[in-house]
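Chains as they are written, first to last, in this note's numbering: chain A, 418 to 664; chain B, 418 to 664; chain C, 418 to 664; chain D, 418 to 664; chain E, 418 to 664; chain F, 418 to 664. A virtual CB, placed ideally from N, CA and C, is assigned to each residue, including glycine. Computed from a prediction, not measured in an experiment: that's the story for all the values here. Just below is one structure, and these are the notes that go with it.
6 protein chains.
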Amino acid sequence: MAAAGTPAISRPSGRTPEQLREVRIERGYTRHAEGSVLVSFGDTRVLCTASVDNKVPAFLRGKGEGWVTAEYGMLPRSTNTRNDREAARGKQGGRTLEIQRLIGRALRACVDRKLLGERTITLDCDVLQADGGTRTAAITGAYVALVDAVRWLQARKEISRDPIFGAVAAVSVGIYRGVPVLDLDYAEDSDCDTDMNVVMNDGGGFIELQGTAEGHAFRRDELDALTGLAEAGIAELIAKQREALAR
Amino acid sequence: MAAAGTPAISRPSGRTPEQLREVRIERGYTRHAEGSVLVSFGDTRVLCTASVDNKVPAFLRGKGEGWVTAEYGMLPRSTNTRNDREAARGKQGGRTLEIQRLIGRALRACVDRKLLGERTITLDCDVLQADGGTRTAAITGAYVALVDAVRWLQARKEISRDPIFGAVAAVSVGIYRGVPVLDLDYAEDSDCDTDMNVVMNDGGGFIELQGTAEGHAFRRDELDALTGLAEAGIAELIAKQREALAR
Amino acid sequence: MAAAGTPAISRPSGRTPEQLREVRIERGYTRHAEGSVLVSFGDTRVLCTASVDNKVPAFLRGKGEGWVTAEYGMLPRSTNTRNDREAARGKQGGRTLEIQRLIGRALRACVDRKLLGERTITLDCDVLQADGGTRTAAITGAYVALVDAVRWLQARKEISRDPIFGAVAAVSVGIYRGVPVLDLDYAEDSDCDTDMNVVMNDGGGFIELQGTAEGHAFRRDELDALTGLAEAGIAELIAKQREALAR
Amino acid sequence: MAAAGTPAISRPSGRTPEQLREVRIERGYTRHAEGSVLVSFGDTRVLCTASVDNKVPAFLRGKGEGWVTAEYGMLPRSTNTRNDREAARGKQGGRTLEIQRLIGRALRACVDRKLLGERTITLDCDVLQADGGTRTAAITGAYVALVDAVRWLQARKEISRDPIFGAVAAVSVGIYRGVPVLDLDYAEDSDCDTDMNVVMNDGGGFIELQGTAEGHAFRRDELDALTGLAEAGIAELIAKQREALAR
Amino acid sequence: MAAAGTPAISRPSGRTPEQLREVRIERGYTRHAEGSVLVSFGDTRVLCTASVDNKVPAFLRGKGEGWVTAEYGMLPRSTNTRNDREAARGKQGGRTLEIQRLIGRALRACVDRKLLGERTITLDCDVLQADGGTRTAAITGAYVALVDAVRWLQARKEISRDPIFGAVAAVSVGIYRGVPVLDLDYAEDSDCDTDMNVVMNDGGGFIELQGTAEGHAFRRDELDALTGLAEAGIAELIAKQREALAR
Amino acid sequence: MAAAGTPAISRPSGRTPEQLREVRIERGYTRHAEGSVLVSFGDTRVLCTASVDNKVPAFLRGKGEGWVTAEYGMLPRSTNTRNDREAARGKQGGRTLEIQRLIGRALRACVDRKLLGERTITLDCDVLQADGGTRTAAITGAYVALVDAVRWLQARKEISRDPIFGAVAAVSVGIYRGVPVLDLDYAEDSDCDTDMNVVMNDGGGFIELQGTAEGHAFRRDELDALTGLAEAGIAELIAKQREALAR
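Now the structure itself:
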């Protein structure tokens, strides 16, 4: 463990460097969507719904393949100070578009779109309360909502073979006051040198890796420590997903 | 009671004509906002947050008065079939604008804006799950969030005298299969002849009254029966608000 | 009459409480539209055109039904001070959308859309000069333009049976300095306690009723007085429509 | 005259090649604007209002100069078939922007902006009915509205010296079936080879000249014939403006 | 020559009144487009690409005709001070729309759209560096790109007969310090009395003529001098186009 | 070298796995901007200009710090098939926003914003021709334009100490047909399993690292091979930047 033997680390939450926040995954949070999950990473709460539509975007029409896409939003007062409502401003900001593109790519990485058939599953990830790590919570929760939507399709015999292979989850890691830590909350995120979001599957493969040096540039050994932390964290998250899906 | 002696009425929910759905008002639902209320009218669930800002819109600057305003949104899959996200479409629809204007007017009706001082309180009403009556639930919940935000201001000694006078709540009424009924759920709303949204204060005065004949035009006696039902329903809702605020 | 025995009332225009402004309805005001009416309620002047299109919106395609819809606009200098042009600002404001939705609902209430067949009639209501009551004048004038467009369709044998049943008109009522008055002009509108827009048909049924307490909340007896005034006013307006259509 | 000796010319309206349509200029058409003119060139009717504002755009602030600008719009059914409302589409089209820029430039050509002082006069030109030549009618009418707005400023002693020098008017000319003609109506405009809009002042100087070959390119002698026709037509229009302003 | 015998003229660039700037036309400037030309008029550099698409706009579908259209843009720092990026502002300005409409009309004037068949050629004219006359350079360069795209179609045997007849080029002329001059650069353009853009074909016919008096109105004899200068300049430009196309 | 001993690799371009494309950096490409660089990575050509403005965004006003930001665009036909112009569509797409946010972050990582003072440097990166790797070319070129803009400020004595520390460059790496390769061109990019963009400084530190599994997820050893390739490639690019800046 990269942080092994670092006695002096003191995270604002009192967690150890390799400790996730409390993770909760509630299925069936709302009743209309084919999949509806409230995921919490500590105080970060994201409602993820999966909606099935028997259409595909124009670029896929007639190809016998499905599509999985995502949209992301933050309620105006999910944050410490109120943000303008994107619907009122008339456009989604760059951060929003970047995150929803990431969520969509992450989930498509575990779907056989031929097996899904000509239908679209849209994952709406709406942040009810933000405390850092909203995108990683969104991916982790949206995976569960996606599985529920696929089960719904299977229950109705609309598809026979399961188009989902493996599992996908995400977590952030970063270097906080010199120490690599797992699952940054807002207090850490706004005061860290390097911030990295990692998406992995249950085979230990990387799907996305986005690291940014906020302060000084990070070195190869730091990258190694961070990916190591992420691997362990994602394994825990995937266990939580399994547990939730088994209920 | 207008519906007295109507034995044959059968509401989809099994309620009597003058019966509200189960109403729940949870304060402190999220932690960042100065007021944060999850209000439920049966399966309709709206998150209402109140945000305090020490600025006023341009038209009020320097006048020593505050402002109370509202924004409304539905999560894309709060409804039976998914609606496009307004932020993605790039504009708020007419229905959204109409509802948020209504919520704002309703709440300004119980605020002395001179006593509020030069600050704005924004009520964000976001529908997590819709089953009819989202605007009336929003008004009823936003009132509680507004009171909490004002208490927060008082606790910090930013204002001394309470700018809120009385209470405001709202309910829908309608003529369903010939019988006036209170608090329409979606099944009734989509199959009724007349639909009316009523906003009243705790003195029994009308603040807003918006009636629409969906099928045949309504008569004077029907209007009387509907406003009678609304009066009784709103008295109950105001009692629920008091109870929640006393906790 | 609600205002009976109120000797002290003094309206800015010198009208009695139950008196409409001078109403004029000129058909054929412009030459391209299938129906084109300039309606005046005193100094309020609205040009209402009805345009027939042999298409329906997507949600009605193939259902054998027609559609009636409305758009509303104010010329930038129809008002006392110039308003920004909505086309230049890049969006229609909430008030505009609210009014055009109201006009559309009001007129659909007197049309059998099956008999209209798969075509759309669009009512464009453009305010040339505003002095209060633009939406009620628009509804009253648009009804006449709609009838003219239907007559045009009948003359060309495109439809055989008249899809319009009854007549629809609208008027505002309000409580001005304590007295219920009919058909508020701008001077009254900007200084009244309660303002209500009422849409009725020629059978005395209510189609829309939208009342707003601007100052103190209104009581049940005030509501009764206001709807009484509106009933009488609308009867007069429907007589004016008939007269215009008989020319 | 260019068209002299062309016996066979037959304009759809029966006019001679050098004949304007009937021109009417009604001042005081609406009551709120500082200048308000309904101008008609035959069936083309444009409402031109002049609005005075005691502010200038940012690029002129503090320079002691005024600004004159224009906006242009067509009512959706001013034309033979209904056009989408630009406010509803969310933007002004290229043709609209081009025309309003032209109107603004044309009128600034007769205004001493130093004498106007730090205020803006906005000319709104809204087409109530279109039959070709809306931009030239708009310029011709807007000039009269502008003079009225300046007279209003002078009457209130806000400016002492008249900032307007000379007069400005506009007309279209074109080659219709081989013959140069003045003031094209819609039937001619949609079937002509060359179309030219000419703006001139009362000293016979050109302010704008915009010629477009719709069919074959035009030759130097045709250009001469067209500008000759325009000169004569504009002299007539300026006489009409004077007459209207003398009433 | 209009400027003959004007000894005192001193253009900032040292050119004689009837002298073009150095004109360069580089074909094949980028490799993806069917036609790609970098045109320079002195320091003004515009990249013109021609893109072939086997579709036509909706209004032409099924008519057996093609379409030629243009888009224009300036890189944000093609100018002396940085302009906002139109994509970031969310709309193209009026000047941009006006110019791209002009380029499209100019090029359609030399294309037989029946012979082109149901395909669209889009000319993108992007200004890399601006020093006056960007629209005239764009037209002159876009013509060459258009020819290359047509040759590409012919080489692939998609069309048999050449749909382009003649050549089209454009130049600006203006009255600078009292003297008519050809091909204004930015220093002249921002300090001249009259500015005129002229588009002509190789038969000496006018396709577009847009003259604007910036300072005093221009007289008939000035118009003659300017069109004379333009004729000579465009003949030179067309020779340059031929030369480039012969390489 | 990660690819050592992989005899069978055959890149479409014939390059070895660890070989960059030909890189060219031309300073002073256009003349108005304070820095103007045309950077080529093979057939990818990006024009990067740096514009200095003596203002900062609102959130920095009065803090004595400067700002460095970037905008990115592709000319419509810089690509194999024409893309819609973002200015015409009315918004920048998610990919564009994501890239320009990345460029801005990358360059801010080598600027001491206190030393820059209250001014903004905007890097406009416009793709003239695309063949893969436009964002990495843009970062590499924009760094040089930024240095030129800072030198310009120093030459004018507007700043005394150099606010730029170190150098920043970027390159893409990916796994193409099983082999890690450096600097993907379009043919490789559209057919690779993993694509990673890496931004580093001249001290060998990572500034950004964005890896995406397009096909199968990538393993830890592949990540190591890719970052190793990137380190070597960026060292070469930084040498090229130095060389260009020394000219």
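Element boundaries [alpha helix (DSSP H), containing Tyr-603(F)]: One-based indexing of the sixth sequence puts residue 603(F) at position 186. Run containing Tyr-603(F): 603-606, per the alpha helix (DSSP H) assignment.
Could you name the residues of the same chain whose beta carbon sits closer than 7 angstroms to that of Ile-516(D), not counting the 5 residues immediately before and after it, in chain order? Position 99 of the fourth sequence, counted from the start, is the residue given in the question as residue 516(D). Within the same chain, Ile-516(D) has close Cβ partners Tyr-489, Arg-552.
Output yes if chain E places a C-beta closer than 8 angstroms to the C-beta of Thr-629(D); else output no. The residue labelled residue 629(D) in the question sits at position 212 within the fourth sequence. Yes, contact with chain E.
Out of Glu-439(C), Thr-557(C), Ala-504(C), Gly-632(C), state which residue places its alpha-carbon closest to the alpha-carbon of Leu-524(C). Position 107 of the third sequence holds residue 524(C). That would be Thr-557(C), whose Cα lies nearest to the Cα of Leu-524(C).
Can you name the residues of chain C whose CB is closer than 9 angstroms to the CB of His-449(B)? As a working note, residue 449(B) is residue 32 in the second sequence. Below the 9 angstroms Cβ cutoff, chain C contributes no neighbours of His-449(B), its closest Cβ being approximately 27 angstroms away.
Where the beta strand (DSSP E) through Asp-641(D) begins and ends: By one-based count along the fourth sequence, residue 641(D) stands at place 224. Run containing Asp-641(D): none in the beta strand (DSSP E); it sits in the alpha helix (DSSP H), 637-663.
Three-way DSSP call (helix, strand, coil) for Phe-476(A) in this model: Locating residue 476(A) in the first sequence gives position 59, counting from the first residue. Three-state result, Phe-476(A): helix.
Chain E partners of Ala-559(D), CB-CB under 7 angstroms? Within the fourth sequence, numbered from 1, the residue matching residue 559(D) stands at position 142. The premise fails here: Ala-559(D) is roughly 17 angstroms from chain E at the closest Cβ pair, so nothing lies under 7 angstroms.
For Ser-453(E), is the classification buried or exposed, using 16 other Cβ atoms within 10 angstroms of its Cβ as the cut-off for buried? Walking along the fifth sequence from the start, residue 453(E) turns up at place 36. Buried, because 16 or more other Cβ atoms sit within 10 Å of the Cβ of Ser-453(E).
Chain A contact residues for Gln-658(B), given Cβ-Cβ distances below 9 angstroms: Translated into the one-based positions of the second sequence, residue 658(B) becomes position 241. None at all; the shortest Cβ gap to chain A is about 20 angstroms.
Verify whether the separation of the beta carbon atoms of Val-528(A) and Ile-581(A) is less than 8 angstroms. Sequence index remark: in the first sequence, residue 528(A) carries index 111 (1-based). Sequence index remark: in the first sequence, residue 581(A) carries index 164 (1-based). Yes, they are a contact pair.
Taking Leu-640(D) as the reference, give the member of Pro-597(D), Ala-649(D), Asn-618(D) with the closest Cα. Counted from its first residue, the fourth sequence places residue 640(D) at position 223. Looking from the CA of Leu-640(D), the closest CA among Pro-597(D), Ala-649(D), Asn-618(D) belongs to Pro-597(D).
Residues in the same chain with beta-carbon distance under 8 angstroms from Leu-654(A), minus the five sequence neighbours each way, listed in chain order, please. If you number the first sequence from 1, residue 654(A) lands on position 237. Only Leu-437, Val-440, Thr-557, Ala-586, Ala-587, Val-588 meet the Cβ criterion.
Please say whether Leu-601(E) and Asp-610(E) have beta carbons closer to each other than 8 angstroms? As a position in the fifth sequence, residue 610(E) is number 193, starting the count at 1. As a position in the fifth sequence, residue 601(E) is number 184, starting the count at 1. Contact flag unset, no.
Counting pairs of Cβ atoms below 8 angstroms between the segment 536-549 of chain E and the segment 459-468 of chain E, do you hit three or more? yes
Are the CB atoms of Glu-451(B) and Asp-541(B) nearer to each other than 8 angstroms? As a first step, residue 451(B) must be located in the second sequence, where it is residue number 34. As a first step, residue 541(B) must be located in the second sequence, where it is residue number 124. No; because the gap between Cβ atoms is not below 8 angstroms, this pair is not in contact.
In angstroms, rounded to a whole number, what distance separates the CA positions of Gly-620(E) and Ala-555(D)? As a first step, residue 620(E) is located in the fifth sequence; it is residue number 203 there, counting from the start. As a first step, residue 555(D) is located in the fourth sequence; it is residue number 138 there, counting from the start. Rounded to the nearest angstrom, the two C-alpha atoms are 35 angstroms apart.
Quick one: list the residues of chain C neighbouring Leu-545(D), beta-carbon separation under 9 angstroms, in chain order. Here residue 545(D) corresponds to residue number 128 of the fourth sequence, with the count starting at 1. Neighbours of Leu-545(D) on chain C, chain order: Tyr-446, Thr-447, Leu-464, Asp-543, Leu-545.
Among the residues of its own chain, which have a CB less than 7 angstroms from the CB of Leu-477(B), if the five just before and after it don't count? Counting from 1 along the second sequence, the entry for residue 477(B) is found at position 60. Same-chain partners within the cutoff: Trp-484.
May I ask you to report which of helix, strand or coil DSSP gives Glu-443(B)? Residue numbering aside, residue 443(B) sits at position 26 when the second sequence is read from its first letter. Correct three-state label for Glu-443(B): strand.
Helix or strand or just coil, what does DSSP make of Thr-551(B)? For this step, residue 551(B) is matched to residue 134 along the second sequence. DSSP places Thr-551(B) in helix when its eight states are reduced to three.
When you compare the CB positions of Gly-622(F) and Ala-630(A), do they come within less than 8 angstroms of one another, or not? In the sixth sequence, counting from the first residue as 1, residue 622(F) sits at position 205. In the first sequence, counting from the first residue as 1, residue 630(A) sits at position 213. A contact, by the Cβ cut-off of 8 angstroms.
Could you confirm whether any beta carbon from chain D is found closer than 8 angstroms to the beta carbon of Arg-494(C)? Here residue 494(C) refers to the residue found at position 77 when the third sequence is read from its first residue. Yes, contact with chain D.
Below 7 angstroms on C-beta distance, what does Phe-476(F) contact in chain A? Taking the sixth sequence and counting its residues from 1, the one referred to as residue 476(F) is at position 59. Under the 7 angstroms cutoff, chain A gives no residues; its nearest Cβ is about 12 angstroms from Phe-476(F).
Between which residues of its own chain and Tyr-671(A) is the CB-CB distance below 7 angstroms, once the five residues before and five after are set aside? With chain A covering 418 to 664 only, the question about residue 671(A) has no answer from this structure.
What is the DSSP secondary structure of Leu-437(D), counted as helix, strand or coil? In the fourth sequence, residue 437(D) corresponds to position 20, counting from 1. In this structure, Leu-437(D) counts as coil in the three-state DSSP scheme.
Between Lys-531(D) and chain E, is the shortest Cβ-Cβ distance under 8 angstroms, so that the two count as touching? Residue numbering aside, residue 531(D) sits at position 114 when the fourth sequence is read from its first letter. Output row for Lys-531(D): interface = no.
N-terminal and C-terminal residue of the alpha helix (DSSP H) that Glu-515(A) is part of: As a first step, residue 515(A) must be located in the first sequence, where it is residue number 98. Where Glu-515(A) is concerned, the enclosing alpha helix (DSSP H) stretches over 511-525.
Pairwise C-alpha distance: Asp-501(E) and Tyr-603(D): The sequence position of residue 603(D) within the fourth sequence is 186, counting from 1. The sequence position of residue 501(E) within the fifth sequence is 84, counting from 1. Straight-line Cα distance between these residues: approximately 39 angstroms.
C-alpha distance - Ala-663(D) paired with Ala-656(D), whole-angstrom precision: The residue given as residue 663(D) occupies position 246 in the fourth sequence. The residue given as residue 656(D) occupies position 239 in the fourth sequence. Computed Cα separation, rounded: 11 angstroms.
Taking all protein chains shown into account, do 16 or more other C-beta atoms lie within 10 angstroms of the C-beta of Gly-591(A), making it buried, or fewer, making it exposed? Counted from its first residue, the first sequence places residue 591(A) at position 174. Buried is the call here.
Three-way DSSP call (helix, strand, coil) for Ala-421(B) in this model: Walking along the second sequence from the start, residue 421(B) turns up at place 4. At Ala-421(B) the pLDDT is 46, less than 50, meaning the model places this residue with poor confidence and gives no usable figure here.
In angstroms, rounded to a whole number, what distance separates the CA positions of Arg-499(B) and His-449(A)? Here residue 499(B) refers to the residue found at position 82 of the second sequence. Here residue 449(A) refers to the residue found at position 32 of the first sequence. Taking the straight line from one Cα to the other gives about 9 angstroms.
Helix or strand or just coil, what does DSSP make of Ile-576(B)? Stepping through the second sequence from its first residue, residue 576(B) is reached at position 159. In the structure shown, Ile-576(B) adopts coil according to DSSP, grouped into three states.
On the three-state DSSP scale, how would you describe Leu-492(F)? Working through the sixth sequence from its first residue, we reach residue 492(F) at position 75. Here Leu-492(F) sits in coil by DSSP.
Does DSSP classify Gly-452(D) as helix, strand or coil? In the fourth sequence, the residue the question calls residue 452(D) occupies position 35. Here DSSP, grouped into helix, strand and coil, assigns Gly-452(D) to strand.
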